[in-house]
Amino acid sequence: MIDESSFSDIQHTYPDAELLPIHGSTCDCYRVRLYGKLHFLKRLKPELRTDPRHVAALHKEFETGYSLEHPNLVRYVSEAEGYLLTEYIDGETLDSFIASHPDYFNNRKNADRLILQLLSVVGYLHQHQVVHLDLKPQNILITRIGQNVKLIDLGYCYTDAFTDTVGRTDKYAAPEQFAANGNEGPSAAANVDGRTDIYAVGRILQTLPCADKYNKVIARCTAADP
Numbered sequence: 756m757i758d759e760s761s762f763s764d765i766q767h768t769y770p771d772a773e774l775l776p777i778h779g780s781t782c783d784c785y786r787v788r789l790y791g792k793l794h795f796l797k798r799l800k801p802e803l804r805t806d807p808r809h810v811a812a813l814h815k816e817f818e819t820g821y822s823l824e825h826p827n828l829v830r831y832v833s834e835a836e837g838y839l840l841t842e843y844i845d846g847e848t849l850d851s852f853i854a855s856h857p858d859y860f861n862n863r864k865n866a867d868r869l870i871l872q873l874l875s876v877v878g879y880l881h882q883h884q885v886v887h888l889d890l891k892p893q894n895i896l897i898t899r900i901g902q903n904v905k906l907i908d909l910g911y912c913y914t915d916a917f918t919d920t921v922g923r924t925d926k927y928a929a930p931e932q933f934a935a936n937g938n939e940g941p942s943a944a945a946n947v948d949g950r951t952d953i954y955a956v957g958r959i960l961q962t963l964p965c966a967d968k969y970n971k972v973i974a975r976c977t978a979a980d981p
């Protein structure tokens with residue numbers, strides 16, 4: 756159900772705001788125009804806007820993302836109270852792209868290109884002391900022009916400066932993310948590192964139509980022991 760009052764609030768600042776059919780667990784996403792240019796606006800769901808952990812997570816996402824620049828990572832533009840702006844990416848999430856282009860990744864060249872771009876941006880994050888912690892097909896956009904990877908959503912990331920993390924996506928989460936009996940926060944995040952993201956990469960490879968070509972890689976990535 757759309758929160759009409761929340762949508763109206765956004766429209767006061769961005770009259771042409773369009774609520775997008777992106778069903779995030781913590782945020783709503785809008786397409787807005789700023790100085791004639793399209794952007795994504797990400798805003799906490801109404802019930803979470805007074806939750807200190809989620810407010811801090813949104814600020815952490817912007818602070819972390821704004822300091823980074825990589826061709827396969829979404830660019831963070833600005834932040835205001837309760838929401839942030841990123842560049843607009845014309846594309847589809849990886850899971851939607853696979854559904855609409857079922858034969859695309861059966862071409863080994865296309866699959867290898869996806870993997871190399873994904874590993875490039877994940878490696879860049881790790882070089883800058885950032886662990887994404889929520890790698891999944893829904894957080895990987897494939898651009899309409901060029902079919903390039905754009906990694907989004909640093910909301911659950913773990914960094915030297917921001918050691919708290921408020922969630923995970925269980926289907927792609929590594930065993931160490933279930934530490935402390937599933938509790939979230941610094942105690943649970945203490946055991947994560949770059950290998951945690953590599954586990955998720957293996958799970959993502961399993962979703963490709965050509966996954967059988969990468970069985971050995973997938974097995975190494977998804978080993979229970981980091």
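Residues 756 to 981 in the numbering used here are what the sequence shown lists, from first letter to last. Virtual Cβ for every residue (Gly too), placed ideally from N, Cα, C. Keep in mind the model is a prediction, meaning the values are calculated, not measured.
Segment limits, alpha helix (DSSP H) that includes residue i
i      : result
His809 : Pro807 to Tyr821
Leu960 : Gly949 to Leu960
Lys905 : From DSSP, Lys905 is part of no alpha helix (DSSP H) but of the beta strand (DSSP E) over Val904 to Leu906.
Ile897 : No alpha helix (DSSP H) contains Ile897, which is instead part of the beta strand (DSSP E) from Ile895 to Thr898.
Lys971 : Asn970 to Cys976
Under 8 Å between C-beta atoms of residue i and residue j
i      : j      : result
Pro930 : Ala979 : yes
Val832 : Asp952 : no
Asn946 : Ala928 : no
Val885 : Asp948 : no
Thr819 : Thr962 : no
Ile777 : Leu796 : no
Arg786 : Glu773 : yes
Cys784 : Leu775 : yes
Gly901 : Tyr911 : no
Glu842 : His794 : yes
Leu823 : Leu839 : no
Glu834 : Phe817 : yes
Arg788 : Asp806 : no
Residues of its chain near residue i, where Cβ-Cβ distance is below 8 Å and the 5 sequence neighbours each way are ignored
i      : result
Leu960 : Ile870, Ala966, Tyr969, Val972, Ile973 and Cys976
Ile895 : Thr848, Leu849, Leu873, Val904, Lys905, Leu906, Ile907 and Ile959
His881 : Gly949 and Asp952
Arg863 : Cys965 and Lys968
Close-in-space but distant-in-sequence residues of the same chain around residue i (CB under 6 Å, 5 per side omitted)
i      : result
Asn903 : none
Ala955 : Leu890 and Tyr927
Gly846 : Leu896, Ile897, Thr898 and Arg899
Gly957 : Ile973, Cys976 and Thr977
Pro981 : Arg950
Leu828 : Val876 and Leu906
Thr768 : none
Bridge partners - residue i, DSSP secondary structure assignment
i      : result
Asp795 : A quick correction: the sequence has Phe, not Asp, at residue 795. Arg786 and Thr841, per the DSSP bridge assignment.
Thr914 : Val885
Glu773 : Arg786
Segment limits, beta strand (DSSP E) that includes residue i
i      : result
Ile777 : Where Ile777 is concerned, there is no enclosing beta strand (DSSP E), given that its DSSP letter is neither H nor E.
7 Å CB neighbourhood of residue i in its chain, flanking five on each side removed
i      : result
Gly837 : Arg798, Leu799 and Arg804
Pro941 : With a pLDDT of 46 at Pro941, under the threshold of 50, the modelled position of that residue is not reliable, and no figure is offered here.
His825 : Val876 and Tyr879
Pro892 : Thr848, Leu849, Asp850, Ile959 and Thr962
Lys815 : Phe917
TODO: Just list the beta strand (DSSP E) runs in the segment 813–871, keeping only unbroken ones of 3 residues or longer that don't cross its boundaries, in chain order.
DONE: For the segment 813–871, whole beta strand (DSSP E) runs of length 3 or above, ordered along the chain, are 831–835, 838–842 and 846–848.
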